[in-house]
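S.K.: The structure follows.
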Ligand code: CP
């Protein structure tokens with residue numbers, strides 16, 4: 080069996096291009112499995128996985144839980160709200176208590192960048208980063224790449240991918256940039272200058288502040304949510320003004336007179352970064368991304384379990 084070069088998935092930063100190819104190939108096999116009448120395989124029987132979420136989630140948490148069930152793993156679900164974290168228990172104590180129940184793998188979302196990296200220095204179990212603050216969201220980037228490959232009919236070498244919106248606060252943006260560059264894609268970031276970090280071009284990406292020009296250039300537009308909950312100051316005058324200059328609607332997409340794929344990691348601020356008619360249009364593969372998330376997460380869990 081081919082193996083990953085790492086025993087944790089902390090970020091795309093640590094994956095080699097071969098790791099990404101292995102995850103994509105394994106996910107393709109699992110996508111075939113989950114479309115069969117019997118969707119379950121015994122691959123992770125006797126493996127116990129805890130989903131430890133210190134931040135809210137709909138897609139990522141349910142997708143990991145379903146991926147684990149499809150692989151026949153035993154699962155535990157922990158939410159910080161309603162737990163003894165509220166009584167002051169530390170992250171490490173919380174996780175060590177979960178591991179004492181003979182848990183093999185931790186899937187963790189945390190508001191602090193680097194939280195899973197810190198854990199990996201203190202525990203033996205495999206760790207999957209399900210989003211750490213504004214840092215990385217590796218399985219989102221992997222499922223985005225899988226969905227782009229599926230839609231564009233091949234690998235991403237030379238493909239033109241635009242990431243549009245709140246780049247500054249987005250873990251999806253950083254993980255996507257790293258994943259896309261490792262697969263040979265061209266990447267342009269588009270948004271107001273206040274929402275694009277100054278040194279991001281060091282990662283080999285271009286920057287634009289013109290959404291129409293960016294849409295005309297790209298094969299895929301991955302549109303990101305404005306993360307008001309992470310913004311301590313005002314980065315633009317109002318949501319209405321943001322939407323006027325950077326929002327994408329169906330007419331803008333239709334007027335391009337070309338094939339364009341629209342993606343969004345969710346949750347969508349409908350009417351802000353993406354109008355409802357664009358989000359629900361034939362250009363959009365937003366729900367395909369969600370479907371593919373299960374297969375990609377099955378691949379990640381299966382390959383990491385194989386490292387032990
Ligand atoms: N894409 C994503 O991470 O969504 P959730 O926050 O709902 O998990």
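Numbering (my numbering), first residue to last: 80 to 387.
Note that CB positions come from ideal geometry on N, CA and C, so glycine has one too.
Computed from a predicted model, the values in this text were never measured in an experiment.
Return helix, strand or coil for residue 349, following the three-state DSSP convention.
M.R.: Residue state, collapsed to three classes: strand.
S.K.: Can you tell me the Cβ-Cβ gap for residue 143 and residue 130, rounded? I've got them flagged as a contact below 8 Å.
M.R.: Indeed they touch by this definition, with Cβ atoms about 5 Å apart.
S.K.: Would you mind sorting residue 319 into buried or exposed? The rule is 16 or more other CB atoms within 10 Å of its CB.
M.R.: Exposed, because fewer than 16 other Cβ atoms sit within 10 Å of the Cβ of residue 319.
S.K.: Tell me the DSSP bridge mates of residue 239?
M.R.: Paired residue(s): 265.
S.K.: Mind checking whether residue 364 and residue 304 have CB atoms under 8 Å apart?
M.R.: No; because the gap between Cβ atoms is not below 8 Å, this pair is not in contact.
S.K.: For a test of your reading of the model: does the CB of residue 306 fall under 7 Å from any non-hydrogen atom of the ligand CP? Yes or no.
M.R.: No, the Cβ of residue 306 stays beyond 7 Å of every heavy atom of the ligand CP.
S.K.: Is it the case that the Cβ atoms of residue 298 and residue 329 are separated by a distance below 8 Å?
M.R.: It is not a contact, given that the beta carbons lie outside the stated cut-off.
S.K.: Can you list the beta strand (DSSP E) stretches of 3 or more residues lying completely in the stretch 134 to 221, in chain order?
M.R.: 153 to 158, 184 to 189 and 205 to 211, all fully within the stretch 134 to 221.
S.K.: Does the distance from the CB of residue 195 to the CB of residue 213 come in under 8 Å?
M.R.: Not a contact, by the Cβ cut-off of 8 Å.
S.K.: With DSSP as the reference, identify every bridge partner of residue 341, one or two as the case may be.
M.R.: In the DSSP output, where bridge partners are listed per residue, residue 341 has 300 and 363.
S.K.: So is residue 322 buried or exposed if we call it buried at 16+ other beta carbons inside 10 Å?
M.R.: Buried: at least 16 other Cβ atoms inside 10 Å.
S.K.: Going by alpha carbons, who is nearest to residue 85 out of 258, 219 and 205?
M.R.: Residue 205 is the option with its Cα nearest to residue 85.
S.K.: Please classify residue 366 as buried or exposed, where buried requires at least 16 neighbouring CB atoms within 10 angstroms.
M.R.: Under this definition residue 366 is an exposed residue.
S.K.: Verify the contact flag: residue 292, CB atom, against every heavy atom of the ligand CP, threshold strictly below 7 Å.
M.R.: No, Cβ of residue 292 sits at least 7 Å from all heavy atoms of the ligand CP.
S.K.: Residue 101 by DSSP, collapsed to three states: which one?
M.R.: If DSSP states are grouped into helix, strand and coil, residue 101 belongs with the helices.
S.K.: Can we count residue 136 as close to the ligand CP, meaning its CB is less than 7 Å from some heavy atom?
M.R.: Indeed, a heavy atom of the ligand CP lies less than 7 Å from the Cβ.
S.K.: Here's the rule: buried if 16 or more other CB atoms are within 10 angstroms of the residue's CB, otherwise exposed. What is residue 169?
M.R.: Result: exposed.
S.K.: Under 8 Å, do residue 188 and residue 136 count as touching if we go by C-beta distance?
M.R.: Going by C-beta atoms, residue 188 is nearer than 8 Å to residue 136.
S.K.: To the nearest angstrom, how far is the alpha carbon of residue 278 from that of residue 228?
M.R.: Rounded to whole angstroms, residue 278 to residue 228 spans 28 Å at the Cα level.
S.K.: Quick check on the burial criterion: 16 or more other C-beta atoms within 10 angstroms. Buried or exposed for residue 324?
M.R.: By the neighbour-count rule (16 or more Cβ atoms within 10 Å), residue 324 is not buried but exposed.
S.K.: Alpha carbon to alpha carbon, how far is residue 266 from residue 260? Give it in angstroms, no decimals.
M.R.: Going by the C-alpha atoms only, they are around 7 Å apart.
S.K.: Residue 127 by DSSP, collapsed to three states: which one?
M.R.: Residue 127 falls in the strand class under three-state DSSP.
S.K.: Contact check, residue 241 vs residue 300 under 8 Å by CB: the rounded distance?
M.R.: Confirmed, about 5 Å.
S.K.: Does the Cβ of residue 238 have 16 or more other Cβ atoms within 10 Å, making it buried, or fewer, making it exposed?
M.R.: Classification of residue 238: buried, given that the 10 Å Cβ count is 16 or more.
S.K.: Got a sec? Which residues, its chain only, sit under 8 Å from residue 226 by beta carbon, not counting five neighbours each side?
M.R.: For residue 226, where only same-chain residues beyond five positions count, the Cβ hits under 8 Å are 342, 364, 367, 368 and 371.
S.K.: Which residues in the same chain have their Cβ closer than 6 Å to the Cβ of residue 184, if we skip the five residues on either side of it in sequence?
M.R.: Result list for residue 184: 128, 204 and 205, in chain order.
S.K.: For residue 294, tell me which candidate among 313, 268, 145 and 152 has the shortest Cα-Cα distance.
M.R.: The candidate whose alpha carbon is nearest that of residue 294 is 268.
S.K.: On the CB-based measure, 16 or more other CB atoms within 10 Å of its CB, does residue 374 come out buried or exposed?
M.R.: So residue 374 counts as buried.
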